[in-house]
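Engineer:
Numbering (the UniProt record's numbering), first residue to last: 1 to 355.
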């Protein structure tokens, strides 16, 4: 039986679009029904080896590519074997590490991950969530940008599980996998204090983000624990990028009473702070302890002491929770915390100058 996919033996005209082979073409070439082709594609065990070989041979000859989104609608469970991962920015080292951890875990389950950057934009968050649900993903793993996630209630009720990572949900009861932000910040500031610093500044990210608020709370808890006062001008938050952090550090250094140590509560903030210290030749005189590791932090001089998050652990735990929900886990939502660790490298151990 012949199948006419190409309508001439000569070369295809440049203006003539290539037609994709269909299941009907595969069935005709293999000499079987369309239903048999569908059963082979979906891995049904009731197809004989002979028929399976004929169908797979026809698929290879025609370079047939099934429409997995459409075939998922015909599966008993309706699964698409796809999840959405919506992050702050896939170019950020934290987001990139989280994305890789989720991708590795999903691959073991035969599931594709579609990632998108929210750029801290609540409107972009809702747009990408809507796009994900329109593509019928099996679940969404979200590092949220918006202040209210009640809009997801309808999606959750309709059967699309949502798990939050790095930041908790607001206005929605959902699973969340977070770092021990307050405890990690407290440990870093205590470390600076234990190396003789009493003038410790805080530089943090956008204050509306929960992780920034938790890390500021850890800074303040450490000061109180060591009996140190929070001095005016020692806290600069709402710093969205490295440039704003660099300017904030410059302003502190230009004040009449500059800090002798900096706790930088986000990796881009740390980079900005170090840039200013290097420009002024103070990178060996002002102590720095940062929250979040970043590439080449161990190659700078001095090497940068950081509070490291277990990003792989956060990603793996979050995606396990998501797959459990996809599989039907109906237990109450819960929040889980993954411990941070202080990585001592040198910058956080610089002593204050002699009085």
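Think of the CB as a built atom: it goes at the ideal place given N, C-alpha and C, for glycine as much as any other residue.
What did DSSP end up calling residue 205 once you bin it into helix, strand or coil?
Structural biologist: Here residue 205 sits in coil by DSSP.
Engineer: DSSP beta-bridge partners for residue 290?
Structural biologist: Answer is 264 and 306, bridged to residue 290.
Engineer: Identify every run of the beta strand (DSSP E) within the stretch 96-135, keeping only runs that are complete inside it and at least 3 residues long; order them along the chain.
Structural biologist: Fully enclosed beta strand (DSSP E) runs of 3 or longer: 112-117.
Engineer: Assuming residue 27 contacts residue 40 under a Cβ cut-off of 8 Å, what Cβ separation, rounded to an integer in Å, is found between them?
Structural biologist: With 8 Å as the limit, residue 27 and residue 40 do not qualify as a contact, their Cβ atoms being about 10 Å apart.
Engineer: Between the alpha carbons of residue 312 and residue 198, how many angstroms are there, rounded?
Structural biologist: Roughly 34 Å separates the two Cα atoms.
Engineer: In the DSSP output, which residue or residues are listed as bridge partners for residue 94?
Structural biologist: Looking at the DSSP assignment, residue 94 forms no beta bridge with any residue, so it has no partner.
Engineer: From this set, 350, 229 and 325, which residue's C-alpha is nearest residue 164's C-alpha?
Structural biologist: Of the candidates 350, 229 and 325, the one whose C-alpha sits nearest the C-alpha of residue 164 is 325.
Engineer: For residue 230 versus residue 223, is the C-beta spacing smaller than 7 Å?
Structural biologist: Cβ distance < 7 Å, so residue 230 and residue 223 count as in contact.
Engineer: With distances taken Cα to Cα, identify the nearest neighbour of residue 184 among 321, 161 and 220.
Structural biologist: Of the candidates 321, 161 and 220, the one whose C-alpha sits nearest the C-alpha of residue 184 is 220.
Engineer: List the residues that DSSP assigns as beta-bridge partners of residue 341.
Structural biologist: Paired residues: 308.
Engineer: Tell whether a beta-carbon distance below 7 Å holds between residue 298 and residue 306.
Structural biologist: Against a cut-off of 7 Å, the Cβ pair of residue 306 and residue 298 comes out as no contact.
Engineer: Can you tell me where the beta strand (DSSP E) holding residue 356 begins and where it ends?
Structural biologist: For residue 356 there is no data in the structure shown, the boundaries of the chain being 1 and 355.
Engineer: On the criterion of 16 or more Cβ atoms from any shown chain inside 10 Å, does residue 58 qualify as buried, or is it exposed?
Structural biologist: Counting Cβ neighbours within 10 Å, residue 58 comes out buried, since at least 16 surround it.
Engineer: Is residue 99 buried or exposed, if buried means 16 or more other CB atoms sit within 10 Å of its CB?
Structural biologist: Flag for residue 99 reads buried.
Engineer: Along the chain, where does the alpha helix (DSSP H) that runs through residue 59 open and close?
Structural biologist: Its alpha helix (DSSP H) spans residues 49-62.
Engineer: Can you tell which of 259, 207, 250 and 140 has the C-alpha that lies nearest to the C-alpha of residue 201?
Structural biologist: The shortest C-alpha separation from residue 201 is found at 259.
Engineer: Does the stretch 318-334 come close enough to the stretch 167-176 to have 3 or more Cβ pairs within less than 8 Å?
Structural biologist: Contact holds: three or more Cβ-Cβ distances are below 8 Å.
Engineer: Return yes when the C-beta of residue 31 is under 6 Å from any heavy atom of the ligand PLP, and no when it is not.
Structural biologist: Questions concerning the ligand PLP fall outside what the structure shown contains, since it holds no ligand whatsoever.
Engineer: Could you compute how far the alpha carbon of residue 244 sits from the alpha carbon of residue 331?
Structural biologist: Distance between the alpha carbons of residue 244 and residue 331 is about 43 Å.
Engineer: Just checking, does the stretch 134-152 make contact with the stretch 332-351 on the three C-beta pairs under 8 Å criterion?
Structural biologist: With a cut-off of 8 Å, the stretch 332-351 and the stretch 134-152 do not count as touching, because too few Cβ pairs lie within range.
Engineer: Can you tell me which of 241, 268 and 282 puts its alpha carbon nearest to the alpha carbon of residue 261?
Structural biologist: Nearest of 241, 268 and 282 to residue 261, Cα basis: 282.
Engineer: The beta strand (DSSP E) spanning residue 218 covers which residue range?
Structural biologist: Run containing residue 218: none in the beta strand (DSSP E); it sits in the alpha helix (DSSP H), 210-225.
Engineer: Expressed to the nearest angstrom, what Euclidean distance is found between the alpha-carbon atoms of residue 303 and residue 287?
Structural biologist: If you take the alpha carbons of residue 303 and residue 287, they lie about 11 Å apart.
Engineer: Would residue 319 and residue 105 qualify as a contact pair, given that the criterion is a beta-carbon distance under 7 Å?
Structural biologist: Going by C-beta atoms, residue 319 is nearer than 7 Å to residue 105.
Engineer: Between the Cα of residue 342 and those of 314, 263 and 300, spot the shortest distance and give me the residue it belongs to.
Structural biologist: When only C-alpha atoms are compared, the closest one is 263.
Engineer: Going by DSSP, what residue range makes up the alpha helix (DSSP H) through residue 28?
Structural biologist: Start and end: 23-30.
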